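Worksheet: the structure to be examined is printed underneath.
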Amino acid sequence: MSTSHHILLVTRNFPPLLGGMERLNQHLLEELERNYAVHLVGPQGAAEHVAHPERVSTCPSAPVYAFLACAALKAVRSARRHRPGLIIAGSGVNAPPAWMAARASKTPWIVYLHGLDLVVDHLAYQRIFLPIIRRADAWLVNSRSTARLAVAAGLDADRLHVLHPGVAIPETLPSAEAVRHWREKHGLGSRPLLLSVGRLTKRKGLREFVLRALPQILATHPEVLLVVVGEEPHAALTSATGGLDALREATQQTAAQENLKILGKLSDEELGMAYRAAAVLVFPVLDIPGDVEGFGMVAIEAAAHGLPTVAFAVGGVPDAVAEGRSGLLIASGDYEAMADAILRHLAVPESALTGTSCQTFASQHTWEHFGTKLRTICHQYLLKEETPD
């Protein structure tokens, strides 16, 4: 292959590690491999999750600094050996080894930024990582909100490219009978379910939702059950968590202990059941300086399963929720309006936000759409000889 047909991806965020960014980078690699030979420097075990394990170099995933030191050495070695036409850092944290490889091989490089990559309240990160990120030839950003943060951080707007994460649209949805069995398995009965999905961080706002919105909902629908899927983060740029204890304490303060069900982490199959069983996804994200919601992937995933979202219009969430089509956007911190919106939907669930309208919106964000735009952007910066097919 010619030089222009090789790309090097450097990222710690890759399976077997779990999370939205890990899935995103896996899809990024798979979409690029439609046209290019992609070499990966990733975490131990990554070779088991790619089609071409011979192109993978791995490093210990923890601690993070150990991964970065190892990744720098292996990325430089890979870049010198394979002479890629482009190097991609899967997030801001992965920028230093990607930059070192780019310098060593005189190769263009870009970074995929995710909100926190720009504003995280971490002194060493702000002083070391951000200056390196600014040296990239271009930046992918996961939302218009992240693009605004990037410009505020000193990045050139002309070299910013908004690239929303993609989603897989289920070929079939669980049957009513399957959902009924799933409800029985988890002791949910036939109660209307408000669903929350994601890591239990402070930014997700569940504690505040329970304290300030749930009582208003229960006054009209005392049978409502808030079902929480997710667990506390084990490693992240920020250490702030909402915490299970804080969530349970909030239900005690509002006498809503019987209206909370914590399911923890679920398999993809069970999560699909949860989406189908729920009446609405609640996404009461907080507007916290230094801890921004870059996009809101869970809202797109819910829409793909036909479930609407009621969310605060914070950070990149407005890119992930289509007002009146896949959900409702509420002014940040207006818990009364959020409760009202949820109550209206519970009263007339098939009014405007239908499963079809949700899936129609999600279909505009498939991984195929993501891949087409990604390859077009990357082609602009490749040391290219010919246009990919």
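Each residue of the sequence shown is one higher than the one before, starting from 11 at the first, in this note's numbering. For each residue, glycine too, the CB sits at the ideal point set by N, CA and C. Please read these numbers as outputs of a predicted model, since none were measured by experiment.
- Contact check for A351 against V320 passes: the beta carbons are separated by less than 7 Å.
- Between the stretch 258 to 272 and the stretch 163 to 180, the count of C-beta pairs closer than 8 Å stays below three; the two stretches do not touch.
- Under the three-pair Cβ rule at 8 Å, the stretch 146 to 163 counts as touching the stretch 296 to 307.
- Note on geometry: alpha-carbon atoms of N23 and R145 lie some 21 Å from one another.
- Between the alpha carbons of R91 and G125 lies a distance of about 33 Å.
- When the alpha-carbon of D329 is set against those of A287, A178 and H174, the nearest one is in H174.
- By the C-beta density criterion, Q263 is exposed, having fewer than 16 other C-beta atoms within 10 angstroms.
- If you look at K271, you'll find it in the beta strand (DSSP E) that goes L270 to G274.
- For the set A186, L276, A266 and P232, the Cα lying nearest the Cα of V239 is the one of L276.
- Distances from the CA of L205 to each of L281, I179, A178 and A148 were compared; the closest alpha carbon is that of L281.
- Put simply, of E58, R385 and K212 the residue whose alpha carbon is nearest the alpha carbon of L42 is R385.
- A distance below 7 Å separates the beta carbons of V129 and G300.
- Under the three-state reduction of DSSP output, L39 falls in the helix class.
- Nearest neighbour of T364 by Cα position, chosen from E32, H315, S185 and P70, turns out to be H315.
- If you draw a straight line from the Cα of E346 to the Cα of R222, it comes to about 8 Å.
- Taking a cut-off of 8 Å on C-beta distances, the stretch 374 to 393 touches the stretch 104 to 119, as three or more cross pairs fall below it.
- The three-state secondary structure of Y285, taken from DSSP, is helix.
- As DSSP reads the structure, G52 sits in a beta bridge with T68.
- Within its own chain, the residues whose Cβ lies closer than 7 Å to the Cβ of E311, once the five positions on either side in sequence are excluded, are V177, listed in chain order.
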